[in-house]
Amino acid sequence: MKTFWISITLVIIVVVGWFLFVKKPVTKETPQESATPMDNVIEEDELKDVIFVGAPSITLKDVANSGATGTAWVAVFGGRTYHRVIAHNMPELPGTDFYEGWMVKNPATGDFFSTGKMTYDSQTKTATIDFVTEGDRSEYSFIVITSEPDDGNPAPDKHIIEERFPSDTNFQVNI
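In the numbering used here, the protein residues as written are 78 to 252.
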């Protein structure tokens, strides 16, 4: 009987020792097998910044004689399309009007979509937008920034700045 209890005690010591010294607990600092390396290194906003460093960009041209300028980036990474615009010298809009970003494939057929309402800083006259969507949407390579009356009409209104990426642009980004 004494041998039985000694054996049980040894088994318990081995199991407890294994849990304490061999098996590492899964914590936030320890990457899980299902996570990609990027998931454990940087947050989503930081990931976007890294992606845009390697993304192709274009200078947006003033088409409204407003004095506005801007830069647009488009990148495809990890099965998503990332789009950013930083526009400068954007005129202040009346009332609740706003600036909106658009990615356009073919304006004649209405093949375009909104990338959303831009954030506008009236002190610096800068408008910005970051947009992420699932899938490769790089065929929507004509970038348009419009001023929009706050009237509920979803159609694009007055074009302020715009430009098309060259047809040979490689939007795939590797980081």
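Built from N, CA and C at the ideal position, the CB exists for glycine as well.
Of all the options the options, which has the alpha carbon lying nearest to the alpha carbon of residue i?
i    : options                   : result
P133 : N142, D139, A145 and A152 : A152
F189 : E177, M195 and Y197       : E177
D228 : Y197, P184, P171 and V140 : P171
I220 : T196, E211, T136 and G144 : T136
E169 : I252, I237, S244 and T246 : I237
D213 : E121, V127, D126 and H160 : H160
D139 : E211, H165 and L124       : H165
Tell me the rounded alpha-carbon separation between residue i and residue j.
i    : j    : result
K182 : I222 : 14 Å
P226 : I206 : 18 Å
T146 : I163 : 9 Å
D234 : G155 : 33 Å
Q200 : G187 : 35 Å
S191 : W179 : 4 Å
F175 : V250 : 31 Å
S224 : T196 : 12 Å
W150 : A141 : 21 Å
V261 : M167 : Given a span of 78 to 252 for the chain in the structure shown, any question on residue 261 remains unanswerable.
A335 : G193 : The requested residue 335 does not occur in the structure, where the chain is confined to residues 78 to 252.
D198 : A204 : 6 Å
T148 : K202 : 14 Å
E106 : E240 : In this prediction, E106 has a pLDDT of 37, which is less than 50 and means its spatial position is unreliable; nothing more can be read from the coordinates.
E216 : A185 : 15 Å
F248 : N230 : 31 Å
E211 : G144 : 34 Å
Answer with buried or exposed for residue i, where buried requires no fewer than 16 other C-beta atoms within 10 angstroms of its C-beta.
i    : result
T158 : buried
S244 : exposed
I252 : exposed
Does residue i get closer than 8 Å to chain C when you measure Cβ to Cβ?
i    : result
K125 : In summary, chain C is missing from the structure at hand, where a single protein chain is found.
Quick one: measure Cβ to Cβ for residue i and residue j, integer angstroms, because I've assumed they're closer than 8 Å.
i    : j    : result
T173 : S218 : Not a contact, Cβ separation roughly 31 Å.
With hydrogens ignored, establish whether the beta-carbon of residue i is closer than 7 Å to any heavy atom of the ligand COA.
i    : result
P233 : No copy of the ligand COA occurs in the structure displayed, which carries no ligand at all.
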